[in-house]
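Here is the structure we will look at, set down as structure tokens.
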Amino acid sequence: MPRPIIVWFRSDLRLRDNRALLRAVATGAPIIPVYVLDDEQSDHWRTGSASRWWLHHSLAALAGDLQKLGSRLILRRGNALTVLAKLAIDCKATAVHASRAYQPWAGQLETGLKQRLEADGVDFRRFSGSLLFEPEAVRTKDGRPFKVYSPFWRAAMEPGDPPRPEPAPRALAAPARWPASDDLNAWRLCPEKPDWAAGWPQHWLPGEAHAQERLKEFLRSSLTVYATDRDRPDRLATSRLSPRLAFGELSPATIWHEAHAASRSKPELAAGLSKFCKEIGWREFSYHLLWHFPSLPDAPFRPEFEKFPWRKAPVALRAWQRGQTGYPIVDAGMRELWQTGYMHNRVRMIAASFLIKDLMLPWQQGEAWFWDTLVDADLASNAASWQWVAGCGADAAPYFRVFNPTLQGEKFDPNGVYVRRWVPELARLPDAFIHRPATAPSQVLAEAGVELDHTYPRPIVDHAEAREHALLAFKGLKAVV
DNA sequence: TGAAATGTTGGGGCG
DNA sequence: ACGCCCCAACATTTC
Numbered sequence: 004m005p006r007p008i009i010v011w012f013r014s015d016l017r018l019r020d021n022r023a024l025l026r027a028v029a030t031g032a033p034i035i036p037v038y039v040l041d042d043e044q045s046d047h048w049r050t051g052s053a054s055r056w057w058l059h060h061s062l063a064a065l066a067g068d069l070q071k072l073g074s075r076l077i078l079r080r081g082n083a084l085t086v087l088a089k090l091a092i093d094c095k096a097t098a099v100h101a102s103r104a105y106q107p108w109a110g111q112l113e114t115g116l117k118q119r120l121e122a123d124g125v126d127f128r129r130f131s132g133s134l135l136f137e138p139e140a141v142r143t144k145d146g147r148p149f150k151v152y153s154p155f156w157r158a159a160m161e162p163g164d165p166p167r168p169e170p171a172p173r174a175l176a177a178p179a180r181w182p183a184s185d186d187l188n189a190w191r192l193c194p195e196k197p198d199w200a201a202g203w204p205q206h207w208l209p210g211e212a213h214a215q216e217r218l219k220e221f222l223r224s225s226l227t228v229y230a231t232d233r234d235r236p237d238r239l240a241t242s243r244l245s246p247r248l249a250f251g252e253l254s255p256a257t258i259w260h261e262a263h264a265a266s267r268s269k270p271e272l273a274a275g276l277s278k279f280c281k282e283i284g285w286r287e288f289s290y291h292l293l294w295h296f297p298s299l300p301d302a303p304f305r306p307e308f309e310k311f312p313w314r315k316a317p318v319a320l321r322a323w324q325r326g327q328t329g330y331p332i333v334d335a336g337m338r339e340l341w342q343t344g345y346m347h348n349r350v351r352m353i354a355a356s357f358l359i360k361d362l363m364l365p366w367q368q369g370e371a372w373f374w375d376t377l378v379d380a381d382l383a384s385n386a387a388s389w390q391w392v393a394g395c396g397a398d399a400a401p402y403f404r405v406f407n408p409t410l411q412g413e414k415f416d417p418n419g420v421y422v423r424r425w426v427p428e429l430a431r432l433p434d435a436f437i438h439r440p441a442t443a444p445s446q447v448l449a450e451a452g453v454e455l456d457h458t459y460p461r462p463i464v465d466h467a468e469a470r471e472h473a474l475l476a477f478k479g480l481k482a483v484v
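Mapping of the first sequence onto this note's numbering: residues 4 to 484, in sequence order.
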């Protein structure tokens, strides 16, 4: 009986464009697909609550897709190195295939696993698949990693298009004997009491098949208006592909090539395509930074920010988390996040700016909250983006760029459609006051059924004052350096 | 992938 | 008719 190959699924929960899988299938060997839930690989970046919900459903979908090809998904829990090394011996595997990962702990894990497996006579082969370009492959002229986005992306794209995606295997040979598998439900990845995700299937259907549909739908209906409408939370013009990328239900190469193909058949999509690819580029840049600067999720990229006089304000943090800041666009975003595991990108920037510059709370607290509540939580993108807003990151927003939450609301949600959806207690306010309820005449408030301090809070900080305060603090930091 | 403060311009009201 | 002032509207600078 031929010996099997273990395909270790990680953040690549798909069958299409999965080289680790495809190269294993190509050998003709029996395939043992495995997923290992390893909550100890990082002490404080354990998969967050919202992501665990997604993970559960995406694993269920992958298991179903594998079953259709005559295979299974073996589930194991524990230290990935130990689990895989033992499984490889028990199954008499000749090799373990996996897609590369880029978290701070991933390199060491992969090196350790390779040594351990090879000592046992088992090959360990890594494949790319989660990024368009490997972090080491993009270098400045003097061989260093990039710290600025534009030249990074130019250099990354310079050698030519990323590799074309490969098809899914048509069938997987089963091993003579299947190893035991955990029961997915027993992992308890989904919330129970309370089941705050009960309504989430209305918003999200995890799994590769739905990811493919979402991609096609986005390219068909939104790419044409993407360049302008992507900033409008009241319109559904963003791709919402982020959780698909985070779990690898789609490869970035698939997205990249399908978007280009769509644009070739319709030249009017060119503007949207170029904006959209730039966003994919930011994801690549984030991974580039995380790989070369593994402290990115925890420490400011610009070390002078270690001295920044952040406030300690648990009550304000709580108000921000629960969408009770008194700034409708911020509250709408935070409630969208809490209720659906997602927030529109423009609103993420506004909400993040508010936490950092208006409340002067450390960016790490916002990062941690997003990590736990986002279904698309991604260590690289989350860390890089928070540092970008805080001004302490690579190629970051300048310190004096402070978002005015009222003006941002009026500019990007001009008719208050987004606010009304997520902050229903303000729904009956006229447009003129939907982003500034505390300035509405009392009669207007009464007619809209709004009682300040009771049905909706007054602003927990005065933005104009907070802005002055923040500018002073950031300027002081600059003076020290 | 800002916003506020400050500067400049030009049309229109008015003596 | 003319100059003066006011002040939107727009442009530039500064944080």
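Don't be surprised by glycine CBs; every beta carbon is placed ideally from N, CA and C.
Predicted model only: the values in this text are computed from it and were never measured.
Near residue i, which residues of its chain fall below 6 Å by C-beta distance, leaving aside the five closest residues on each side in sequence?
| i | result |
| --- | --- |
| arginine 338 | Gly326, Trp425 |
| aspartate 126 | Ala98 |
| lysine 150 | Ala397 |
| glycine 2 | No statement about residue 2 is possible, as the shown extent of the chain runs from 4 to 484 and does not include it. |
| serine 245 | Asp379 |
| arginine 247 | Ala214, Leu253 |
| alanine 230 | Ala274, Gly275, Lys278 |
| phenylalanine 477 | Tyr402 |
| proline 460 | Gln327, Gly329 |
For residue i, count neighbouring C-beta atoms within 10 Å of its own C-beta (all shown protein chains included) and say buried if the count is 16 or more, exposed if not.
| i | result |
| --- | --- |
| phenylalanine 406 | buried |
| asparagine 385 | buried |
| aspartate 145 | exposed |
| valine 392 | buried |
| glutamine 446 | exposed |
| glutamine 70 | exposed |
| serine 298 | exposed |
| leucine 475 | exposed |
| glutamate 161 | exposed |
| serine 277 | exposed |
| isoleucine 92 | exposed |
| proline 170 | exposed |
| glutamate 211 | buried |
| proline 440 | buried |
| glutamate 121 | exposed |
| serine 102 | buried |
| valine 484 | Summary for valine 484: the model assigns pLDDT 49, below 50, so the residue's position carries little reliability, and this model does not support an answer. |
Secondary structure at residue i, three-state DSSP: helix, strand or coil?
| i | result |
| --- | --- |
| isoleucine 77 | strand |
| aspartate 334 | helix |
| histidine 457 | coil |
| arginine 470 | helix |
| valine 141 | coil |
| aspartate 15 | coil |
| valine 484 | Confidence in valine 484 is poor, its pLDDT being 49 and thus under 50, which makes the residue's placement unreliable; the coordinate value appears in the next sentence. Coil. |
| alanine 88 | helix |
| aspartate 123 | coil |
| valine 151 | coil |
| proline 36 | strand |
| serine 102 | strand |
Kindly list the residues whose CB is nearer than 7 Å to the CB of residue i, restricted to its own chain and excluding five residues on each side of it in sequence; keep chain order.
| i | result |
| --- | --- |
| asparagine 82 | Asp41, Glu43 |
| methionine 4 | Ala179 |
| valine 28 | Ile34, Pro172, Leu175 |
| proline 236 | His347, Arg349, Val350, Phe415, Asp416, Tyr421 |
So residue i and residue j are in contact, right, with Cβ under 8 Å, and what is the actual spacing, rounded?
| i | j | result |
| --- | --- | --- |
| leucine 18 | leucine 187 | Going by Cβ atoms, the distance from leucine 18 to leucine 187 rounds to 18 Å, so no, they are not a contact pair. |
| glycine 336 | alanine 354 | 5 Å |
| proline 209 | tryptophan 57 | 5 Å |
| arginine 80 | aspartate 185 | 6 Å |
| arginine 75 | alanine 66 | 7 Å |
Using a Cβ-Cβ cut-off of 8 Å (strictly less than) and excluding sequence neighbours within five positions of residue i, which residues of its own chain qualify?
| i | result |
| --- | --- |
| tryptophan 48 | Gln106, Pro300, Trp374, Leu382 |
| leucine 480 | Glu307, Phe308, Lys310, Phe311, Tyr402 |
| arginine 217 | Ser242, Arg243, Leu244, Arg247 |
Compute the minimum distance between the beta carbon of residue i and the heavy atoms of the ligand ZN, and state whether it is under 7 Å.
| i | result |
| --- | --- |
| tyrosine 345 | The ligand ZN is absent from the structure shown, which contains no ligands of any kind. |
### Message
List, from N- to C-terminal side, the alpha helix (DSSP H) runs of 4 residues or more that fit wholly inside the segment 394-419.
### Response
408-415
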